[in-house]
Amino acid sequence: MRRNKLLACLMAGTMAVSITACSGNANSDATTTPTTTEAVTTQAVTTQGESQETTTQTPQEQKSEASVDFEDGQMGFVQAYNAPANAADVELSITDFDGSKALAVKNLTGKVPFVGIDVSSLCGASVADVAAVSMKLGVSYEDGSFSACAGKITTWTGTDLVQTGYDWAVYMESKNPKVATVDVSGVPFTADANNIIVLSLETDNGASAGHGNATLYVDDITFYDKSGKVITADKSVAFAEPAGYSSSGRDSSNLFAVKGAVNFEGFATSADAWAQDGFDMPQEVIDALVPGSVVEIEYKSETGNMWLVIPDAEKGWMRVGQAGTDDPAYINNSGNIAQITYEQLAALCGDDVSTWGARMQCESDSAWEVFSVKVGQQAKNLALVNAVTFEGFETKADAWAQDGFDMPQEVIDALVPGSVVEVTYSSETGNMWLVMPDAEKGWMRVGQAGTEDPAVCDGQKCYVTYEQLAALCGDDASTWGARMQCESDSAWEVYSVKVGTAAEFAPVNKLTKFEGFETAADAWAQDGFDMPQEIIDALVPGAVVTVQYSSESGNVWLVIPDAEKGWMRVGQAGTEDPALCNGTYAQITYEQLAALCGEDVSTWGARMQCESDSAWEVYGVWVSAPVTSAE
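When we follow the numbering used here, the leftmost residue of the sequence shown carries the number 1, and every step to the right adds one.
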């Protein structure tokens with residue numbers, strides 16, 4: 001909302017000035033130098049919340065030279081960025097715009113379009129010489145109208161991929177497209193570190209005015225060295241993803257699963273560090289706040305932290321789940337989903353929700369934005385152990401239409417007490433459930449959304465337990481009939497179905513990070529680091545080691561090479577006590593470690609390593625004590 005007001009001021013004031021710096025900081029004294037092509041000079045806002053003034057003299061060469069002009073049709077070095085919770089689905093293409101070829105970023109879903117540009121691959125050995133970057137940015141609407149738009153050019157730099165955001169804006173139709181130039185010398189690119197730029201269009205005034213979603217155009221991307229010389233780019237390269245770039249959907253690490261969620265309609269807002277904002281709770285949200293419930297917030301913040309403020313509680317103004325306290329919010333490893341339980345709220349505000357006041361707010365220790373809030377029941381965050389794949393189960397249908405296949409014998413055999421059916425899917429509503437059409441007890445929907453016992457669904461994975469099936473179809477799987485189908489209340493598609501033993505990821509909110517644990521190796525090769533004292537101290541009974549990773553097989557486990565009891569694989573796939581893995585994160589408990597290495601952590605040796613049965617990469621390791629499992 002603040003940015004919309006800023007754009008309105010810029011459009012009014014641009015008649016009196018030739019160039020205005022587009023900045024979220026009202027105190028900025030950033031200036032530009034007039035050149036042959038007018039440029040937007042931007043201000044950087046780092047992930048640490050510091051403002052960094054950038055006064056960039058646009059090199060004279062930019063009008064006639066560009067490192068990338070898209071005239072040859074090559075665009076392999078760009079890729080949509082879908083990890084943020086507010087990311088739109090986009091379509092990338094090369095098209096004609098403003099008299100030349102340009103990259104078109106078409107917004108398909110109305111959220112924020114993000115696109116990555118692989119600077120490391122484009123510039124190769126010269127990437128560390130890049131001191132400034134310029135690009136021509138423009139927008140259009142299908143109805144031919146124009147509206148002011150703005151966004152960010154975010155650099156991911158250094159070996160730690162530090163993210164630094166620079167504002168851009170196109171605020172006049174007569175200056176559409178407009179060249180944005182950023183000085184990156186203060187947070188430079190580093191060679192051999194997969195450094196990139198992520199471009200986003202975050203304020204679309206046309207969409208709010210009813211003109212549809214803006215298409216963003218990018219042209220004449222130019223990299224300059226400190227002398228202003230244009231750096232040549234190799235446009236034949238393919239985008240090389242940096243760590244953490246891809247999203248396999250929702251990151252549920254450290255969190256509860258949520259059932260029967262009620263959306264807090266209209267809860268979308270933003271504020272600066274230590275500033276609160278929110279809304280009065282509608283009755284359906286108040287009614288959902290019962291013992292065993294959880295408030296879930298999708299957001300972004302520069303520190304990754306988020307919590308609630310209840311300003312009008314009878315017990316006083318309350319921060320609930322504040323980072324750094326004894327009982328912080330549950331936050332995933334991506335730092336974009338936070339959960340605060342009813343029990344955390346009740347501990348500070350009292351058991352009676354009617355005494356909490358009407359208003360719920362969010363807050364962080366850095367600039368933040370919230371995209372959605374919902375309230376639902378805590379449920380087990382499930383994983384499969386010893387999974388059996390339902391071969392060939394790939395199908396789709398419209399809303400309320402069922403489709404599926406006859407179960408092979410190995411799937412029937414796997415449907416035993418304690419097992420769970422996992423469906424990988426997509427649907428417009430996010431819902432999915434099973435249909436057993438030929439059960440002796442009759443045609444049955446199992447896990448239907450809106451019932452008292454819905455499936456656990458997150459928009460990508462759906463879990464229906466044996467116990468849910470047995471409650472409707474009977475305990476004997478042989479009476480369920482041969483056929484298993486899927487269904488939803490919206491158009492849906494299923495990509496795979498598996499059955500395995502149900503295991504539960506522990507929700508955790510007191511995490512100690514193993515700083516610097518980022519490494520990769522081939523199959524059956526181990527690598528790791530010596531444990532710092534804070535990690536050793538955190539390894540107590542009930543503790544959980546969480547590993548964020550990727551691997552070709554989906555497996556990962558720990559190796560303790562120097563334990564007094566000998567070299568130990570802990571949580572190895574295929575053993576009787578494997579790690580819980582879902583292809584994105586894994587958990588190994590203190591008890592699993594102690595069973596092999598002994599209960600005394602001082603005898604485990606200093607080193608912790610990771611390993612897999614396929615090529616693997618680890619992005620982070622944390623140690624935390626779990627809470628009581630959800631029922």
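Heads up, the beta-carbon is just placed ideally off N, CA and C, and yes, glycines get one too. As the structure is a prediction and not an experimental result, all values here were calculated from the model.
Terminal residues of the beta strand (DSSP E) in which Asn205 lies:
Following the DSSP letters along the chain, one finds Asn205 in no beta strand (DSSP E) but inside the alpha helix (DSSP H) bounded by residues 205-208.
Rounded distance between the beta-carbons of Val499 and Ala387, thought under 8 Å:
That belief holds up - the Cβ atoms of Ala387 and Val499 are roughly 7 Å apart, short of 8 Å.
What residue range does the beta strand (DSSP E) around Gln361 cover?
Per DSSP, Gln361 belongs to the beta strand (DSSP E) from 359-363.
Tell me whether Tyr466 sits in a helix, a strand or coil according to DSSP, three-state version.
The answer is helix: DSSP assigns Tyr466 an H, G or I state.
Leu137 beta carbon near the ligand GDP (any heavy atom closer than 6 Å)
For the structure depicted, the ligand GDP is absent and the ligand set is empty, with no information on it obtainable.
Among Asn333, Val446, Ile340, Lys101, nearest to Phe514 - alpha-carbon criterion:
Measuring from the Cα of Phe514, the nearest candidate turns out to be Asn333.
Three-state secondary structure assigned by DSSP to Ala416:
Residue identity differs from the one stated: residue 416 is Val in this sequence, not Ala. Under the three-state reduction of DSSP, Val416 is assigned to coil, being neither helix nor strand.
Whole angstroms is fine: what's the gap from Thr154's alpha carbon to Gly404's?
Going from the Cα of Thr154 to the Cα of Gly404 covers about 44 Å.
Applying the criterion that 16 or more other CB atoms from any shown protein chain within 10 Å of the CB defines a buried residue, is Tyr299 buried or exposed?
Result: buried.
Per the DSSP calculation, Phe114 is bridged to which residue(s)?
For Phe114, the beta-bridge partners assigned by DSSP are Ser200.
Tell me Cys581's beta-bridge partners as DSSP assigns them.
Ala586.
With H, G and I counted as helix, E and B as strand and the rest as coil, what does DSSP make of Leu472?
In the structure shown, Leu472 sits in a helix (DSSP, three-state: H, G or I).
Got a sec, what are the start and stop residues for the beta strand (DSSP E) Leu137 sits in?
Looking at the DSSP string, the run of the beta strand (DSSP E) that includes Leu137 is 132-140.
Distance, Ser553 Cα to Ser637 Cα:
There is simply no residue 637 to check, as the chain begins at 1 and stops at 631 in what is shown.
With Asp326 as the anchor, note down where its alpha helix (DSSP H) starts and where it stops.
Asp326 -> no alpha helix (DSSP H), and no H or E assigned at all.
Drop a sphere of 10 angstroms on the beta-carbon of Pro59, count the other beta-carbons inside from all chains shown, and report buried for 16 or more, exposed for fewer.
A caution first: Pro59 carries a pLDDT of 40, below 50, which makes its placement in the model too unreliable to give a value.
Please confirm whether Thr157 and Asn107 have their CB atoms less than 7 Å apart.
The answer is no: Cβ separation not under 7 Å.
Cβ-based burial, Val290 [other Cβ within 10 Å; buried from 16]
Classified as exposed, Val290 has fewer than 16 neighbouring CB atoms from the shown chains inside 10 Å of its CB.
State the Cα-Cα distance for the pair Leu434 and Ile297, rounded to the nearest angstrom.
As the crow flies, the alpha-carbon of Leu434 is around 28 Å from that of Ile297.
According to the Cβ coordinates, are Ser93 and Ala80 closer than 7 Å?
For the pair Ser93 and Ala80, the CB atoms are not nearer than the 7 Å cut-off.
For Cys473 and Thr479, the rounded distance between their alpha carbons:
Inter-residue distance for Thr479 and Cys473 is about 8 Å (C-alpha atoms, whole angstroms).
Take Asp204 as the anchor and find which of Val170, Val179, Val230 has the nearest alpha-carbon.
Distances from the CA of Asp204 to each of Val170, Val179, Val230 were compared; the closest alpha carbon is that of Val170.
Within 10 Å of its beta-carbon, does Ala150 have 16 or more other beta-carbons around it, so buried, or fewer, so exposed?
The residue in question, Ala150, is buried, as its Cβ has 16 or more Cβ neighbours within 10 Å.
What first and last residue would you give for the beta strand (DSSP E) that runs through Ala549?
Note that residue 549 is Tyr in the sequence shown, not Ala. Where Tyr549 is concerned, the enclosing beta strand (DSSP E) starts and stops at 544-551.
Please state the DSSP three-state secondary structure of Asp129.
Reduced to three states, the DSSP call for Asp129 is helix.
Within 10 angstroms of the Cβ of Val184, are there 16 or more other Cβ atoms? Answer buried if so, exposed if not.
Under this definition Val184 is a buried residue.
Proximal residues to Gly430 (C-beta, below 8 Å), its chain only, five neighbours per side dropped
Closer than 8 Å at Cβ, skipping near neighbours: Cys457, Asp458, Gly459.
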